[in-house]
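Contents: one structure, followed by commentary.
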Amino acid sequence: MKRNPVSILIIALSFASCERVIDINLNEANPKIVIEANIHNNNSDCLVKITRTGNYFLPYTPEKVSKAVISLTNQLTEYSFSEIEEGVYRINKIGKLIPTSYSLSVNVDGELYEAVSKMPTPVRLNYLNFEYVEETYLQDAGYRVNFSLTDPKDEENHYRVRYSVNGELQNDGNDYYLITDELFNGNSVQMQLYGKRFDKGDKVTVELMSIDKNAYDYFNTLLDVIAQSTIESTAPANPKSNFSNGALGYFSAYSSDIKFIIVGESNLGN
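Residues in the sequence shown are numbered consecutively from 3, following the numbering used here.
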């Protein structure tokens, strides 16, 4: 029976950067810890999700890992996490985190997994706007939504964009909108939510996430793995992880800015 070679990791991450990609013999590999850790400048969703992979050749649901001990530190402060449901941990903190480097330590059954991520200073969205686009051979007629940002000069910046329509997130899971400032460093730029048409009256919310290079590399290589998984002869490979001790997944300390627009109404966004 044919199986999707990337499913062992993608399924685990849907629940929930060493420089080389590690190939795993899925027929013999031991179960792997998968950590999906996100912290950001608004701490309301600072979560760590931990699962353990199962036997690749047998149907399974990733095991949710409980009773892990998690700590987050910067140069001044240490924060702890509490398990809010099986395998899901939330930071014990009220208030916002500041842009700086953070170290995350995850202890699972005496095994220690560590990662470092630098939270960038947030880059603001200048505005959102919309425009009506006629039907083409490839796309239906409808409204297109654009967003604008001004990239900080003299530094390398990486971004991830998430957007929702009427409160429903549109591009999570395996759909990552990633941007690097290689072609527009230090300049203002307008981009579109590619491949998507909107209806009049839709509330479109855009989140511009400023991420570090490790997170960008992880998501970028994950996209490569997803693409390669459609080629049956391609051996499975794992995305670059910034965790030690063989853990899969990622730790991302990011900052974000959010705006929304009502399509067909004000054309400046809020």
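The beta-carbon is built from N, C-alpha and C at its ideal position, and this holds for glycine as well.
A quick note: this is a predicted structure, and the numbers were derived from the prediction, not measured.
Would you call residue i buried or exposed, if buried means 16 or more other Cβ atoms sit within 10 Å of its Cβ?
i	result
S82	exposed
G251	buried
I86	exposed
V8	In this prediction, V8 has a pLDDT of 46, which is less than 50 and means its spatial position is unreliable; what the coordinates show is noted afterwards. So V8 counts as buried.
P241	buried
E158	exposed
N43	buried
R277	Any answer about residue 277 is impossible in this case: the structure gives the chain only from 3 up to 272.
I100	exposed
L140	exposed
I263	buried
E30	Legend: pLDDT at E30 = 43, less than 50; position of this residue unreliable, no value from coordinates given.
S254	buried
A278	The question about residue 278 has no answer, for the chain in this structure spans 3 to 272.
V108	buried
Y165	buried
K51	buried
V265	buried
E21	Below a pLDDT of 50, predicted positions are generally treated as unreliable, and E21, at 39, falls in that range; the measurement from the model is reported next regardless. Counting Cβ neighbours within 10 Å, E21 comes out exposed, since fewer than 16 surround it.
I213	buried
S19	Low confidence applies here, because S19 scores a pLDDT of 37, under 50, leaving its location unreliable; read the following figure in that light. So S19 counts as buried.
D177	exposed
G112	exposed
L114	exposed
N27	Unreliable placement is indicated for N27, whose pLDDT of 46 sits below 50; the coordinate value is still reported in the next sentence. When all chains shown are included, N27 counts as exposed.
Write down the C-beta distance between residue i and residue j rounded to the nearest angstrom, noting that I regard them as a contact closer than 8 Å.
i	j	result
N76	S119	Contact flag wrong, Cβ pair sits at about 11 Å.
E116	S246	5 Å
S73	E80	6 Å
D153	G188	6 Å
Y256	F200	Not really, about 26 Å apart at Cβ, beyond 8 Å.
I93	C48	4 Å
Kindly indicate which residue of the options has the alpha-carbon position closest to the one of residue i.
i	options	result
V147	F132, D259 and F245	F132
A249	N40, T53, N43 and D47	T53
E38	A217, V265 and K261	A217
Y137	S258, I41, G197 and D204	Residue identity check: residue 137 is Glu in the sequence provided, not Tyr. Selected option, being the one with the closest Cα: G197.
E170	A143, E209, D183 and H160	E209
I260	D226, N40, V206 and F221	V206
M211	V227, V265, A229 and P122	P122
N173	L225, S105 and D142	L225
I273	H160, F200, D201 and N168	No answer is possible for residue 273: it lies beyond the span of the chain, which begins at 3 and ends at 272.
L78	S105, K34 and R92	S105
T55	E113, D142, K34 and V135	K34
Y91	D204, N40, R126 and D214	N40
D183	D204, K155, V227 and V110	K155
N244	A229, I228, Q230 and T223	T223
Y134	L127, A143, V36 and R126	A143
V110	N32, F221 and V67	V67
S258	R126, V227 and K215	R126
Y179	F221, G203, Q230 and Y129	F221
G275	V227, K98, Q230 and V36	This structure does not reach residue 275, given that the chain is present from 3 up to 272, and the question cannot be answered.
At least one CB of chain B closer than 8 Å to the CB of residue i: is that the case?
i	result
L250	In the displayed structure, chain B is absent; only one protein chain is listed.
Going residue by residue through the segment 196-233, where are the continuous beta strand (DSSP E) segments of at least 3 residues, counting only ones entirely within it? 205-213
Note down, one range per segment and in chain order, each beta strand (DSSP E) of at least 3 residues found wholly within the segment 134-177. 144-152 and 160-167
Could you tell me whether the segment 138-155 touches the segment 190-204, using the rule of 3 or more Cβ pairs below 8 Å? yes
Could you pull out every unbroken alpha helix (DSSP H) segment of at least 4 residues lying fully inside the segment 73-144, listed in chain order? none
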